[in-house]
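Asker: The structure is given below, and queries will be raised subsequently.
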Amino acid sequence: MAHTASERRPGRLAPLIAVNAALLGVLAFVEFGPAASAQQGGQPARPRGQYTLVGGQIQTGNSNAVYIVDSVNQEMIVLRWEDGRNILSGIGYRDLENDGKARSKR
């Protein structure tokens, strides 16, 4: 007489069904739950930038830098490559819109 797998191991199927139902519930919560937003408090979203990169020398030391200008948001950052650490490090940041306003007041 042949026995099926469920007849030989009674009670093993119920925990698997419970675990699958719990996983289905977690998946439904993640998929249909509230959306996360980094811009809370009614702040306007930052516009997508348009970037221009220019390489050049910096006055201090013997190294070069990358100047990155965001023409939409009117910002500029300067980065320098550090050979010893193999990273780009920030040298400076400028808000070009504020710089333009300060010049016009003179």
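Numbering (this note's numbering), first residue to last: -5 to 100. Glycine residues also receive a C-beta, built at the ideal position from the N, C-alpha and C atoms.
(1) Give the straight-line distance between the Cα atoms of G86 and V24, rounded to the nearest whole angstrom.
(2) Under the three-state reduction of DSSP, which class applies to R74: helix, strand or coil?
(3) Helix, strand or coil for G5? Go by DSSP, reduced to three states.
(4) According to DSSP, is G55 part of a helix, a strand, or is it coil?
(5) How big is the Cα-Cα spacing for Q68 and G50?
(6) Grab me the residues of V66's own chain with a C-beta within less than 8 angstroms of its C-beta, minus the 5 sequence neighbours each way, in chain order.
(7) Excluding the 5 residues flanking V72 on each side, which residues of the same chain have their C-beta closer than 6 angstroms to its C-beta?
Answerer: Result, derived from the coordinates:
(1) Our two residues, G86 and V24, have alpha carbons roughly 40 angstroms apart in a direct line.
(2) Strand.
(3) Here G5 sits in coil by DSSP.
(4) Three-state result, G55: coil.
(5) Q68 and G50: Cα-Cα distance of roughly 20 angstroms.
(6) P41, R42, G43, Q44, listed in sequence order.
(7) Only A59, Y61, I85, G86 meet the Cβ criterion.
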